[in-house]
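Line by line, the protein sequences are chains A and B. The C-terminal residue of the first sequence carries number 304 in the numbering used here, and the numbering is unbroken. The C-terminal residue of the second sequence carries number 304 in the numbering used here, and the numbering is unbroken. Idealized CB from N, CA, C, for every residue including glycine.
Number of protein chains: 2
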Amino acid sequence: MISGVFCASTTPLNADLSPDLGAFTAHAKALIADGCDGIALLGTTGEANSFSLAERRSILEAGVGAVGAGRLMPGTGVNALPETVELTRHALSLGVTRVVMLPPSYYKGVSDEGLFRAYAHVIETIGDSRLQLVLYHIPQVSSVPISHELIERLVTAFPQTVVGIKDSAGKIENMSAMIARFPGFAVLAGADPLLLPLLGMGGAGCITATSNLVADSLATVFRHHADPSRKAEVEAAQARINAFRDLSNSYTQIPAIKAMVAYRHGAALWTRTRPPLVGLTPAELDDLKHRLTAIGASVKDFAA
Amino acid sequence: MISGVFCASTTPLNADLSPDLGAFTAHAKALIADGCDGIALLGTTGEANSFSLAERRSILEAGVGAVGAGRLMPGTGVNALPETVELTRHALSLGVTRVVMLPPSYYKGVSDEGLFRAYAHVIETIGDSRLQLVLYHIPQVSSVPISHELIERLVTAFPQTVVGIKDSAGKIENMSAMIARFPGFAVLAGADPLLLPLLGMGGAGCITATSNLVADSLATVFRHHADPSRKAEVEAAQARINAFRDLSNSYTQIPAIKAMVAYRHGAALWTRTRPPLVGLTPAELDDLKHRLTAIGASVKDFAA
Chain A
1 MISGVFCAST TPLNADLSPD LGAFTAHAKA LIADGCDGIA LLGTTGEANS
51 FSLAERRSIL EAGVGAVGAG RLMPGTGVNA LPETVELTRH ALSLGVTRVV
101 MLPPSYYKGV SDEGLFRAYA HVIETIGDSR LQLVLYHIPQ VSSVPISHEL
151 IERLVTAFPQ TVVGIKDSAG KIENMSAMIA RFPGFAVLAG ADPLLLPLLG
201 MGGAGCITAT SNLVADSLAT VFRHHADPSR KAEVEAAQAR INAFRDLSNS
251 YTQIPAIKAM VAYRHGAALW TRTRPPLVGL TPAELDDLKH RLTAIGASVK
301 DFAA
Chain B
1 MISGVFCAST TPLNADLSPD LGAFTAHAKA LIADGCDGIA LLGTTGEANS
51 FSLAERRSIL EAGVGAVGAG RLMPGTGVNA LPETVELTRH ALSLGVTRVV
101 MLPPSYYKGV SDEGLFRAYA HVIETIGDSR LQLVLYHIPQ VSSVPISHEL
151 IERLVTAFPQ TVVGIKDSAG KIENMSAMIA RFPGFAVLAG ADPLLLPLLG
201 MGGAGCITAT SNLVADSLAT VFRHHADPSR KAEVEAAQAR INAFRDLSNS
251 YTQIPAIKAM VAYRHGAALW TRTRPPLVGL TPAELDDLKH RLTAIGASVK
301 DFAA
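Dropping the structure here:
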């Protein structure tokens, strides 16, 4: 069963908005050193949908070189099924067997039947028994929710392949219902504040944006949540996580996470985003710096 | 100024769900024979976002071979800006200078600043003065509306390139406000029932799904709407258009349009859709056949 703390890593950009692979690999190594079990690169926080297939392949290859295939769980789901197949096969060709797969999300209000056919087409076309597929439920962005009925059909048809879900909708009730209904199915929280309560009910871990900054605290919660003697330490770690999360969400989240990573590494390049996302303004960056300091972050300055 | 009746053409599929280029080119020729001024292939109705870049290129090339580059106005906007650049450059390389460009639509609630930067990046990277770009406002599917403030910025920055909009939201007030605010900017209706009222207020024409079936009637409305002596003929044509549109919208629209095209050409292959869209059921197909006959359509049967 997939479990642990996975970082929804951000993707640094060069001045021409191409991926900065050197900065990416350095960050990936830092995340593992922080205590991440793995890196769920190329998700929503990683701006994956803003990158071409060629860029996505280059980012994944850089990640494999930096931390090894076994640590990586890339996003490979795009709107066009042949391209989802292509990206997933590319991951498998590198020895990366675990992927997080968005459903096609251009059309809205599609049926479970249509989504089942989409996932089934991809799984059957790939036909690789190594594949471990994590579904991706993030309806506030994708507008295409993953229903429990769809999960039921998929785990019944592909029990060795469809092994979990990243639930980024932020509703603990949805996660507890999936844990109860699908034994052995990994439910991973996409929202940091839910890690501790989720683990208490049998959840598998998390894939979160804040772990770009406080993966050490997330690892503390994950490893020691069941140890009564460390209750205060675990609760303090969760409170620290929540403070970083609340801070990022008081701006536009993804640009704010990137700016916080810029202050972590002391490198302005991290503040860049690909359109349609827009980086924080100079005033916001300055405000963020003070607020990071106020919550106890170690801030490295950078020239804008 | 771009004007006329453009068909948002559907894309036929082989049994393996690859595009059937032979059926596509035959249909494209039929649409021009019907009276379409051009074909806006690879839009929402054409399931463009469900096709890989390679498939999109092959469909456009087949279209150029069938009816000529001057008749085509393909969709080229995808989520990743380098791929929007690639598809648009490919169109230009074939002599296709007019494109309909979706904004990146994975992220929701993005700012006009972010969308401006996205379009500006694409236009400046391509750097081809031949490009005629039609914006695409279809918020009920893309979830990313094109605001008037964004249009103002784009037509000011790129007056020779950003020349029009396809408005598929179905609100005549939005179209009339754009016509008033942006002189010389082509406002094209994406909803068939609005063609006649739009033309009365200075609109440029339409890009609609129903023109896969009744482009002759749309051409009648477009060509004769201002001629009082043909008022009855024009109103009858608009009524016929509306009857086909209402019929398609009483099912899931895109599969229904494809099924109606199947009955037009007498070919079951047209009923296929790519997941996540699902074709009509046998019962729905049978029901549709009777309702097509009831509104006076010429129905060619096919073996399922």
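Among the options, the one whose alpha carbon lies nearest that of residue i
i      : options                           : result
V162/B : P104/B, V99/B and A268/B          : V99/B
T45/B  : S298/B, V64/B, D216/B and A259/B  : A259/B
A15/B  : A297/B, R272/B, T97/B and K300/B  : R272/B
D34/B  : K231/B, I123/B and T220/B         : T220/B
L196/A : A177/A, I241/A, P12/A and M178/A  : I241/A
D128/A : L115/A, S93/A, R57/A and A26/A    : S93/A
A262/A : L115/A, A69/A and V299/A          : V299/A
Q160/B : V187/B, I32/B, L131/B and R181/B  : L131/B
P282/A : A297/A, Y251/A, H265/A and R274/A : Y251/A
M1/B   : A186/B, L292/B, D287/B and G296/B : A186/B
L288/B : T25/B, N249/B and F116/B          : N249/B
N212/B : G70/B, I151/B, H265/B and G77/B   : H265/B
L115/A : I126/A, T125/A and L102/A         : L102/A
A8/B   : S229/B, L280/B and I32/B          : I32/B
G70/B  : I146/B, R245/B, I39/B and G203/B  : I39/B
T208/B : P82/B, R245/B, T156/B and L81/B   : R245/B
Straight-line gap, residue i to residue j (C-alpha atoms, nearest Å)
i      : j      : result
A30/A  : S52/B  : 35 Å
T10/B  : A267/B : 14 Å
T210/B : C206/A : 47 Å
Y107/A : A236/A : 42 Å
S142/B : I138/A : 16 Å
P104/A : V144/A : 8 Å
A303/A : L285/A : 11 Å
Q238/B : E47/B  : 26 Å
D167/A : Q140/A : 11 Å
I257/A : V67/B  : 49 Å
A294/A : L247/A : 11 Å
A243/B : E233/B : 15 Å
H315/B : A180/B : Absent from the structure is residue 315/B, since the part of chain B shown begins at 1 and ends at 304.
D216/A : Y136/B : 45 Å
G296/B : V214/B : 11 Å
I126/A : A120/A : 10 Å
G43/A  : N49/A  : 8 Å
G203/A : F182/A : 11 Å
V78/A  : R117/B : 23 Å
V155/B : L199/A : 53 Å
I151/A : M201/B : 50 Å
F306/B : S229/B : Residue 306/B falls outside the range modelled here, since chain B spans only 1 to 304, and no answer is possible.
E124/B : D301/A : 33 Å
Bridge partner(s) assigned by DSSP for residue i
i      : result
G4/B   : G205/B
G296/B : Paired residues: none, contrary to the question.
K258/A : None, per the DSSP bridge assignment.
L135/A : M101/A and I165/A
L41/B  : Note: L41/B sits in no beta bridge, so no partner.
A186/B : G164/B
Residue i and residue j closer than 8 Å at C-beta
i      : j      : result
V96/A  : L133/A : no
G75/B  : D37/B  : no
L277/B : I254/B : yes
D112/B : L269/B : no
V85/A  : V122/A : yes
A177/A : H224/A : no
H27/B  : R57/B  : no
T25/A  : A54/A  : no
L81/B  : P12/A  : no
L17/A  : L41/A  : no
Cutoff 8 Å: residue i Cβ touching any chain E Cβ
i      : result
H148/B : The structure shown has no chain E; the protein chains it does contain are A and B.
Proximity test, residue i beta-carbon vs the ligand MG heavy atom, cut-off 7 Å
i      : result
L269/A : Ligands are entirely absent from the displayed structure, and the ligand MG is therefore not among its contents.
Would you check if the segment 191-207 of chain B and the segment 167-177 of chain B touch, i.e. whether three or more CB-CB distances between them fall below 8 Å?
-> Three or more pairs of CB atoms, one per stretch, sit closer than 8 Å, so the segment 167-177 of chain B contacts the segment 191-207 of chain B.
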